[in-house]
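Right, one structure below, let's go through it.
Protein chains: 2
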Amino acid sequence: MTKHMQRDLERLRDSVLRMAGYVEHAVHSATRAVSDRDTDAATAVVSGDTEIDELENHLQEDCLNILALHQPVAKDLRRIGTVMLITTDLERMGDLAVGIAERAIELAHPPRVVVPDRLHQMAGRATRMMRLALDAFVNEDAAAARAVIGMDDEVDADNDELVLHAIEEMKRSPDRVEAGVALFSIVRHVERIADHATNIAEDVIFLVEGAIVRHHHDEVIPPPE
Amino acid sequence: MTKHMQRDLERLRDSVLRMAGYVEHAVHSATRAVSDRDTDAATAVVSGDTEIDELENHLQEDCLNILALHQPVAKDLRRIGTVMLITTDLERMGDLAVGIAERAIELAHPPRVVVPDRLHQMAGRATRMMRLALDAFVNEDAAAARAVIGMDDEVDADNDELVLHAIEEMKRSPDRVEAGVALFSIVRHVERIADHATNIAEDVIFLVEGAIVRHHHDEVIPPPE
Chain A
780 MTKHMQRDLE RLRDSVLRMA GYVEHAVHSA TRAVSDRDTD AATAVVSGDT EIDELENHLQ
840 EDCLNILALH QPVAKDLRRI GTVMLITTDL ERMGDLAVGI AERAIELAHP PRVVVPDRLH
900 QMAGRATRMM RLALDAFVNE DAAAARAVIG MDDEVDADND ELVLHAIEEM KRSPDRVEAG
960 VALFSIVRHV ERIADHATNI AEDVIFLVEG AIVRHHHDEV IPPPE
Chain B
780 MTKHMQRDLE RLRDSVLRMA GYVEHAVHSA TRAVSDRDTD AATAVVSGDT EIDELENHLQ
840 EDCLNILALH QPVAKDLRRI GTVMLITTDL ERMGDLAVGI AERAIELAHP PRVVVPDRLH
900 QMAGRATRMM RLALDAFVNE DAAAARAVIG MDDEVDADND ELVLHAIEEM KRSPDRVEAG
960 VALFSIVRHV ERIADHATNI AEDVIFLVEG AIVRHHHDEV IPPPE
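Structure (structure tokens):
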């Protein structure tokens, strides 16, 4: 790898981590806004998404410029490709945070449903998966990426319990159906945030091992290099 | 473009169209299974997803091999990149069809909710968007791709009406809450299928014009080449 290329790659990584910081903050603020019935915080998440979108556009353009300039091959090419894929996932996570914030605004008005603490724990687990997947990316550590994929089971358990809770709330009275549906949607959004963290982890395994592991988490794939 | 490269690109396109055919079939079967309460058809969609996953893996590997072999630049590089992005979207559309089919199985048992015809129309519109986005890809037609993005408004209108219907069903009786939630989920899944068709259309505009249009549908971007 040339020095110039290495410097460009480091810059890309820094931008990815900065974007991930924004997304993590958005997810936390959005789920906190649900529990606190805080419409101001929710509105801030919605308007903050423009910044995440701009970061995505800049990052994708940077990747294309680096591809055009250095014409990297093999692992360097995969490094750029991985940044493009991760960036796409992060942007969608930002959109999901907006979806949560929009529903937080609906939920702030009566009739209210009970928002269990477990929702915030679930969101914490999902963003932790994202953070660990990005650590695995920076360290090019496939084992750490596989550990992230394994964490999805806990989020699934959170999901199942919270969905049951939302359904119980809806059954209590027809008045609560809209709020229960909003809560259900929020839970599904957090679940999808965790799915995107899993995607990132899969991309890291691809980066390190050069083999596509999507749909084949459990297979042992020998690294080709 | 060398003859060899052109042949490889044509092969890639054929594979993408074949994969899209599978996905379209899965979406239609899954939503038909909802209306017909046909658990056999739904089960077939779930088990058929393995094939879609395999097609994705083969396509992604083909793209990497072509990149390594020909080291394309500029528009040819974007052609391969676009195939990789489209393939990812098609695979997720297949997953969404599976999600619909799984809920179709839940909905087949009483207590039942009314499934409006509009659900199948909505799914038809979403798969039509996908087909037109792929036509735009094959013809490298940015105007056609922009038309696809415009079609999303109709799907949004379907979504709004069907969500209201699902909520009304849930309000009719606590017994119907689970089925209403399943119907709500199905509608949201179809909406996301249309979102993926929009993604594909955006990728086609990027391919043709070399500029990233995500989050900037309405701006006129001058083609750089």
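Top to bottom, those sequences are chains A and B.
Heads up, this note's numbering is the position in the first sequence plus 779, with the first residue counted as 1.
Heads up, this note's numbering is the position in the second sequence plus 779, with the first residue counted as 1.
Each residue gets a CB set at the ideal place from its N, CA and C atoms; glycine is no exception.
- Assigned with DSSP and collapsed to three states, G959 (chain A) falls in helix.
- Residues of the same chain with a CB within less than 7 Å of the CB of A945 (chain A), apart from the 5 flanking positions on each side, are G959, L962, F963, V966 in chain order.
- Around the CB of E830 (chain A), fewer than 16 other CB atoms lie within 10 Å, so the residue is classed as exposed.
- Residues of chain B whose Cβ lies closer than 7 Å to the Cβ of M949 (chain A) are, in chain order, M949, V956.
- Ranking B:E948, B:A821, B:N978 by CA distance to the CA of M930 (chain B) puts B:N978 first.
- According to the DSSP assignment, T861 (chain B) belongs to the alpha helix (DSSP H) that extends over 853–886.
- Annotation: the continuous alpha helix (DSSP H) that includes R797 (chain B) extends over 782–815.
- Taking a C-beta cut-off of 9 Å against chain A, the contacting residues of the stretch 852–883 of chain B are V852, A853, L856, R857, G860, M863, L864, T867, E870, listed in chain order.
- In summary, the residues of the stretch 955–983 of chain A whose CB is separated from some CB of chain B by less than 7 Å are V956, E957, V960, F963, in the order they occur in the chain.
- If you ignore the 5 residues before and after V894 (chain B), its C-beta comes within less than 6 Å of the C-beta of V813, S814, all in its own chain and listed in chain order.
- Take E803 (chain A), set aside five residues on each side of it, and the residues of its chain with a beta-carbon closer than 6 Å to its own are T906, in chain order.
- For Q850 (chain A), the C-beta contacts it makes with chain B under 8 Å involve Q850, V852, in order along the chain.
- Taking 8 Å as the cut-off, the Cβ atoms of A921 (chain A) and V987 (chain A) count as close.
- Contact between the stretch 840–860 of chain B and the stretch 933–940 of chain B is absent, with fewer than three C-beta pairs closer than 8 Å.
- Apart from the 5 residues on each side of it in sequence, L864 (chain B) sits with its Cβ closer than 6 Å to the Cβ of D982 in its chain, given in chain order.
- R790 (chain B) has its alpha-carbon roughly 46 Å from the corresponding atom of T810 (chain A).
- Interface criterion not met: the Cβ of L986 (chain B) is under 8 Å from no Cβ in chain A.
- Boundaries of the alpha helix (DSSP H) harbouring D828 (chain A): 818–849, taken from the DSSP string.
- I884 (chain B) sits away from A805 (chain B), with the two beta carbons spaced by 8 Å or more.
- Secondary structure of D920 (chain A) (DSSP, three-state): coil.
- Scanning chain B for C-beta atoms nearer than 7 Å to the C-beta of I946 (chain A) yields V956, E957, V960, reported in chain order.
- Secondary structure of R951 (chain B) (DSSP, three-state): helix.
- Judged by DSSP in its simplified three-state form, V894 (chain A) adopts coil rather than helix or strand.
- Nearest to R904 (chain A) by C-alpha distance, out of A:H783, A:I972, A:L796, is A:I972.
- Within a 10 Å sphere around the beta-carbon of L943 (chain A) sit fewer than 16 other beta-carbons, which makes this residue exposed.
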